[in-house]
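Chemist:
Numbering (the UniProt record's numbering), first residue to last: 1 to 236.
Take a look at the structure:
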């Protein structure tokens with residue numbers, strides 16, 4: 001009896017795996033048609049393109065980072081005491097200006113992202129699409145992150161550095177930190193912010209793409225094309 005149960009369970013698991021594969025490769029749609037491998041890959045490309053167009057573009061606008069609490073760049077831990085120290089002595093306006101500069105630099109940098117994303121999206125294969133479709137709510141975003149993170153970092157970093165130089169951020173931050181260091185009984189702070197802001201800008205970009213991906217996966221009304229509706233019906 002035990003042996004029979006074991007064999008039944010094994011067969012059940014194998015059958016479930018086969019059926020899961022069939023869901024992607026051969027599931028009929030509303031009109032009796034079947035989605036091809038090309039259709040599925042194209043649908044995933046559309047979903048990512050939509051996330052890039054709708055969400056990443058917002059980040060390139062003025063206050064795209066600064067007034068978006070999901071991605072707003074705040075000071076690293078090492079410098080949060082600078083912010084608090086300045087506010088404690090009535091220099092909150094100066095602290096706000098310092099934060100705004102960090103976010104403006106990120107907004108500038110994200111303008112460089114689209115061509116890199118376009119290349120990554122074009123490169124999605126059917127196997128990639130299949131894994132994304134059967135993945136979690138941010139599987140497409142994770143794929144995009146793996147394909148673009150290094151290139152985007154290399155694009156963002158010099159733009160952020162240039163943005164800091166353009167608005168005199170080096171002088172503003174030097175003024176900020178010098179004022180903090182002049183407060184009695186504080187330890188001096190000396191932090192290079194370019195790398196920090198670059199990494200935070202990247203996090204912001206992927207956060208916004210993930211938001212759009214989740215909408216498409218979980219909200220049928222967010223599937224704005226027939227192809228998106230058909231492809232994501234496979235994972236419903």
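Yeah, the Cβ is synthetic: ideal placement off N, Cα and C, and Gly gets one too.
Here the structure is a predicted model, which is why all the values come from computation and not from measurement.
1) Got a sec, what are the start and stop residues for the alpha helix (DSSP H) residue 149 sits in?
2) Sorted by chain position, which residues of the same chain lie with C-beta nearer than 6 Å to residue 58's C-beta, five sequence neighbours on each side aside?
3) Give me, in chain order, the residues of the same chain whose beta-carbon lies closer than 8 Å to that of residue 92; leave out the 5 immediate sequence neighbours on both sides.
4) If we count the other Cβ atoms within 10 Å of its Cβ and call it buried at 16 or more, is residue 51 buried or exposed?
5) When DSSP labels each residue in this structure, what does residue 27 get in the three-state scheme?
6) Going by the beta-carbon positions, is the gap between residue 160 and residue 109 smaller than 7 Å?
7) Within the continuous alpha helix (DSSP H) that includes residue 42, where are the two ends?
8) Just to confirm the assignment, what range does the alpha helix (DSSP H) spanning residue 204 have?
9) Give the C-beta separation of residue 137 and residue 54 to the nearest angstrom, bearing in mind that I take them to be a contact with Cβ-Cβ under 8 Å.
10) Can you tell me the Cα-Cα spacing of residue 229 and residue 223, whole angstroms?
11) Given a threshold of 16 other Cβ atoms within 10 Å of its Cβ, counted over all protein chains shown, does residue 129 qualify as buried or as exposed?
12) Less than 7 Å between C-beta atoms, sequence neighbours within five positions excluded: which residues of the same chain meet that for residue 188?
Modeler: Taking the geometry as given:
1) 139-166
2) 64, listed in sequence order.
3) Excluding residues within five positions, the ones whose Cβ falls inside 8 Å are 86.
4) Burial call: buried.
5) Unreliable placement is indicated for residue 27, whose pLDDT of 42 sits below 50; the coordinate value is still reported in the next sentence. Residue 27 falls in the coil class under three-state DSSP.
6) yes
7) For residue 42, the uninterrupted alpha helix (DSSP H) segment begins and ends at 37-51.
8) 194-218
9) Contact doesn't hold; Cβ gap of about 17 Å is too wide.
10) 5 Å
11) buried
12) 181
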